[in-house]
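Colleague: Numbering (the working numbering), first residue to last: 5 to 640.
Please find one structure pasted underneath; my questions will follow.
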Amino acid sequence: MDWPRGLDGLSYGGDYNPEQWPEEVWDDDVLLMREAGVNIVSLGVFSWARLEPREGEYDFGWLETVLDKLHAGGIRVCLATPTASPPPWFTLAHPDALNVRPDGVRQVHGSRDTYDVTAPAYREASLRIAAALAERYAEHPALAMWHVHNEYGSMSHSPHAERAFRIWLEAKYETLDALNAAWWGSFWSQHYGDWDQILAPRATQYLANPAHELDFKRFTSDAMLDHYKEQRDLLREANPEVPVTTNFVFGQWVPVDQWKWAGELDLIAFDSYPSAPDERAEQQSAFHADLSRSWAGGGDWLLMEQAAASVHSKDGAIAKSPGRMARHSMIHISRGSKGAMFFQWRAGRGGAEQWHSALVPHAGKNTRMFREVVELGNALPGIAHTTAEPVEADVAILWSPESWWATSGAHLPAPVDYLENAAQIHRVLRERGVVADFASPEGDLSKYSTVIAPTTYVLSRAAAENLRWFTAGGGRLVASYLTGAVDEHCQVWLDGYLGGLTDLFGIRVTEHLPQPAGERRALWNFGAAERFCELVELRGAQCVTQYATGDLVEGQPAVTVNPFGEGEAWYVSCKLGDDAWDRLFEELELTGPGGPGLDVVDRGEWRFIVNHTEQEAQVGHVIVPAGSWAVDKQPR
Ligand code: GLA
């Protein structure tokens, strides 16, 4: 499918909210967009209250005018269904369609994302507004793509959600006996005698059941996907030529299993908001980009949103220095995004995001920011042809949303930061110049020579077999601590953990040994273990390095390798620091043309270089000024 429809080059633009501005501004917007090289905007993302001011009564006048103006200006439109923010009349009429927090508090209108995808009234109203938009605009010449909803993520613990959860559970387990067995129901008297006894995992007196919680997140992901699919089907029917997407966002509060969703989107779209003020913002951007490309099966995807002028760290917004916005955009484009889009086109005067940066700042076009926007927008058409070939990676990192969800439970032997562990592998590889893909634990691994499983805590039987098959066939598998600690029902794998793959790794893990925060156990030649290590018994594997210090572990294997079939399986039994991972990757000869502060991505005959350092960089014959980027022919 041609996407966004009618747009040949790279997409450049962002969320456009004309409904927040008087009509006089709209013509100016189109003129400025043209000046900036903007060729596509996401329109109407939160405009439900303005499109349907009263139930069943529509006001499409303003949208019509804007669509026509954009079309006349040659700007394509990614038209949103506005269901991420139901209007006040809806929520007042249907309070049962508002989401309920685990502590039972029902949220109220006043912000956004107050909806419950399992509430029949919300489902109906969502379809109604989507149908009304499809009926009017499916054939509009400016329409390039449908943008369903926005950043699916709101969980609800409402009675509607509970009812739907029970239906989902019954389809999955068929019998209560099977559910009770899967959830280890005899513990703490949690044996269910009737489906109706099962609740959403609401606030409890003490620890919740991890299997119950994991299934609820799986269910929520599926329920939100159903809401998406209903709209997608309707929009597709209205015009099969127009691709349909929704924008993924990233966070632990987002129960979306991207692997399951990916096949349902015509184009993977991602909103990248790095949260670190320093160079980790670049690392996070590359991490987001490689994840998005991998969800897209290695093909094209689109950076749907990023912030123009600032990085949103925990301590507030940090201004992006000159050139940083372009470099972040190029991180994404070089790693497969078919463009760079932003939240938002024009900075708002009011509302909760009035201080969020934009392509057009409050101070208008005569600003440093807008000049940078124009510069990038005018550079992109010149490099569109260099993005035709895919990014090829030889190394994959397993990405397991379920391991992320399951390790967030408070019942683990010690806190585990799954996201950081996955990001750490990616970060160290990136610093070594290696561009990695991500892969699903149950996905096709055959094109990779090395697969790294960072703390892949939940390992289903199917995933375990997949890893066995990959290694036996000649692959190199590297797994880190707690991989395969539990199965798909959060039940511990007995007799050595490791997903039952003790023969593959040639070891048994016999004990988990958490240690106080800040205490380190040294490894010979390999830095130190932080916070967590395991007692490993060799069963055929060789010891690569051992613990040099620490009760119980001193002299015991810390990193091991085992030949298996045509391949080999490495195991890292502790949380290592970046230096130690670097040392291990050195041993595995994983290197590439980039390096610290330097993103280098090869695609076909083209090489993309993004220099984040304060010095000029030379890569092959190409010299890239400090804080700048270049695309050139690869050296032969
Ligand atoms: C998200 C949303 C946008 C906006 C930005 C702010 O990505 O999709 O509507 O709120 O965050 O960073």
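Cβ coordinates follow ideal geometry from the N, Cα and C atoms, glycine included.
#1: Do Gly478 and Glu609 have their beta-carbon atoms positioned less than 7 Å apart in this structure?
#2: In chain order, which continuous runs of the alpha helix (DSSP H) of length 4 or greater are located wholly inside the stretch 557 to 606?
#3: For the ligand GLA, is there a heavy atom less than 6 Å away from the beta-carbon of Asp275?
#4: According to DSSP, Thr390 sits in a beta bridge with which residue or residues?
#5: Following the continuous alpha helix (DSSP H) through Lys637, name the residue where it begins and the one where it ends.
#6: Provide the residue span of the beta strand (DSSP E) that contains Arg127, from first to last.
#7: Reducing DSSP to helix, strand and coil, say where Lys324 ends up.
#8: Enumerate in chain order the residues of its own chain whose CB-to-CB distance from Ala266 is below 8 Å, with the five nearest sequence positions on each side excluded.
#9: Please check the pair Ala356 and Ser46, which I expect to be a contact at CB under 8 Å, by giving their CB distance rounded to whole angstroms.
#10: Can you tell me whether Arg58 is buried or exposed? The criterion is at least 16 other CB atoms within 10 Å of its CB, across all chains shown.
#11: Report the CB separation of Arg80 from Asn43 in whole angstroms; it is logged as a contact under 8 Å.
#12: Closer than 6 Å to a non-hydrogen atom of the ligand ATP - does that hold for the CB of Arg110?
#13: Need the endpoints of the alpha helix (DSSP H) that Arg297 sits in, please.
#14: Helix, strand or coil for Phe530? Go by DSSP, reduced to three states.
#15: Tell me where the alpha helix (DSSP H) around Pro214 begins and ends.
#16: Which runs of the alpha helix (DSSP H), 4 residues or longer, sit entirely within the stretch 28 to 84?
#17: Using 8 Å as the cut-off, can you tell me whether the stretch 398 to 413 makes contact with the stretch 438 to 453, which would need three or more C-beta pairs spanning the two stretches below that distance?
#18: Could you tell me whether the Cβ atoms of Val540 and Pro561 are closer together than 7 Å?
#19: If the criterion is Cβ atoms closer than 7 Å, does the pair Thr345 and Gly624 meet it?
#20: Please list the terminal residues of the continuous alpha helix (DSSP H) segment that includes Glu166.
#21: Report the CB separation of Thr85 from Leu137 in whole angstroms; it is logged as a contact under 8 Å.
#22: Based on Cα-Cα distance, which residue from Trp409, Asp107, Ala242 lies nearest to Gln256?
#23: Identify the residues that DSSP records as bridge partners of Met149: which are they?
#24: Can you give me the C-alpha to C-alpha distance between Met308 and Arg434, rounded to a whole angstrom?
#25: Would you tell me roughly how many angstroms separate the C-alpha atoms of Ala573 and Tyr16, rounded to the nearest one?
#26: How big is the Cα-Cα spacing for Pro417 and Pro518?
#27: Along the alpha helix (DSSP H) that carries Asn615, what are the first and last residues, could you check?
#28: Answer yes or no: the CB of Phe347 versus the heavy atoms of the ligand GLA, is any distance below 6 Å?
#29: Excluding sequence positions up to five away, which residues of its chain have a Cβ less than 6 Å from the Cβ of Ala321?
#30: Does the pairing of the stretch 166 to 185 with the stretch 214 to 223 give three or more beta-carbon distances under 8 Å?
#31: What are the start and end residues of the beta strand (DSSP E) that includes Ala280?
#32: Exposed or buried, which one is Gly381 when buried takes at least 16 other CB atoms within 10 Å?
#33: Taking the alpha-carbon of Val29 as reference, which of Lys73, Ala53, Gly41, Trp7 has the nearest alpha-carbon?
#34: Nearer than 6 Å: is that true of the beta carbon of Glu241 relative to any heavy atom of the ligand GLA?
#35: Apply the 10 Å Cβ neighbour rule to Lys324 and answer buried if 16 or more other Cβ atoms are within range, or exposed otherwise.
#36: Just to confirm, does Glu309 get its C-beta within under 6 Å of one of the non-hydrogen atoms of the ligand GLA?
Modeller: So, from the data block:
#1: In the sequence shown, residue 609 corresponds to position 605, counting from 1. In the sequence shown, residue 478 corresponds to position 474, counting from 1. The answer is no: Cβ separation not under 7 Å.
#2: 582 to 591
#3: The sequence position of residue 275 within the sequence shown is 271, counting from 1. Yes.
#4: On the sequence shown, residue 390 is found 386 positions in, with the first residue counted as 1. Paired residue(s): none; Thr390 is not in a bridge.
#5: The residue given as residue 637 occupies position 633 in the sequence shown. Looking at the DSSP string, Lys637 is not in any alpha helix (DSSP H); the run it does join, the beta strand (DSSP E), is 633 to 637.
#6: In the sequence shown, counting from the first residue as 1, residue 127 sits at position 123. Element bounds for Arg127: not the beta strand (DSSP E) but the alpha helix (DSSP H), 124 to 141.
#7: The residue you call residue 324 lines up with position 320 of the sequence shown. Three-state result, Lys324: coil.
#8: Here residue 266 refers to the residue found at position 262 when the sequence shown is read from its first residue. Ile272, Trp299, Ala300, Gly301.
#9: Residue mapping note: residue 356 aligns to position 352 of the sequence shown, counting from 1. Residue mapping note: residue 46 aligns to position 42 of the sequence shown, counting from 1. Between Ser46 and Ala356 the Cβ distance is about 18 Å, and since that is not below 8 Å, they are no contact.
#10: Taking the first residue of the sequence shown as position 1, residue 58 is located at position 54. That one is exposed.
#11: As a working note, residue 80 is residue 76 in the sequence shown. As a working note, residue 43 is residue 39 in the sequence shown. About 6 Å; that satisfies the 8 Å criterion.
#12: In the structure on display, the ligand ATP does not appear, and the ligands it does have are the ligand GLA.
#13: The residue labelled residue 297 in the question sits at position 293 within the sequence shown. Its alpha helix (DSSP H) spans residues 284 to 299.
#14: As a first step, residue 530 is located in the sequence shown; it is residue number 526 there, counting from the start. Note: Phe530 maps to coil in three-state DSSP.
#15: Taking the first residue of the sequence shown as 1, we reach residue 214 at position 210. From DSSP, the alpha helix (DSSP H) with Pro214 extends over 214 to 242.
#16: 28 to 40, 52 to 55, 65 to 76
#17: yes
#18: Taking the first residue of the sequence shown as 1, we reach residue 540 at position 536. Taking the first residue of the sequence shown as 1, we reach residue 561 at position 557. The answer is yes: Cβ separation under 7 Å.
#19: In the sequence shown, the residue the question calls residue 345 occupies position 341. In the sequence shown, the residue the question calls residue 624 occupies position 620. Per the sequence shown, the amino acid found at residue 345 is Met instead of Thr. No, these two residues do not count as a Cβ contact at 7 Å.
#20: The count along the sequence shown starts at 1 and reaches residue 166 at position 162. Per DSSP, Glu166 belongs to the alpha helix (DSSP H) from 163 to 177.
#21: By 1-based counting over the sequence shown, the position of residue 85 is 81. By 1-based counting over the sequence shown, the position of residue 137 is 133. Indeed, because the Cβ distance is near 6 Å, the residues count as touching under 8 Å.
#22: Within the sequence shown, the letter at position 252 stands for residue 256. Nearest C-alpha to Gln256: Trp409.
#23: Sequence index remark: in the sequence shown, residue 149 carries index 145 (1-based). Note: Met149 sits in a beta bridge opposite Cys82.
#24: Along the sequence shown, read from residue 1 onward, the residue named residue 308 stands at position 304. Along the sequence shown, read from residue 1 onward, the residue named residue 434 stands at position 430. Computed Cα separation, rounded: 23 Å.
#25: Reading the sequence shown from its first residue, position 569 is the one you call residue 573. Reading the sequence shown from its first residue, position 12 is the one you call residue 16. Rounded to the nearest angstrom, the two C-alpha atoms are 44 Å apart.
#26: Numbered from 1 along the sequence shown, position 413 holds the residue referred to as residue 417. Numbered from 1 along the sequence shown, position 514 holds the residue referred to as residue 518. Each residue's alpha carbon lies about 7 Å from the other.
#27: If you number the sequence shown from 1, residue 615 lands on position 611. First-last for Asn615: 610 to 615, but that is the beta strand (DSSP E), not the alpha helix (DSSP H).
#28: Here residue 347 refers to the residue found at position 343 of the sequence shown. Result yes, Cβ under 6 Å from the ligand GLA.
#29: Within the sequence shown, numbered from 1, the residue matching residue 321 stands at position 317. Hits under 6 Å: Ser314.
#30: yes
#31: Translated into the one-based positions of the sequence shown, residue 280 becomes position 276. Neither: Ala280 is in no beta strand (DSSP E) and is coded neither H nor E.
#32: As a working note, residue 381 is residue 377 in the sequence shown. Result: buried.
#33: Stepping through the sequence shown from its first residue, residue 29 is reached at position 25. Comparing Cα positions, the closest option is Lys73.
#34: Position 237 of the sequence shown holds residue 241. Checking the Cβ of Glu241 against the ligand GLA gives no.
#35: In the sequence shown, the residue the question calls residue 324 occupies position 320. Buried, because 16 or more other Cβ atoms sit within 10 Å of the Cβ of Lys324.
#36: Locating residue 309 in the sequence shown gives position 305, where the first residue counts as 1. Result yes, Cβ under 6 Å from the ligand GLA.
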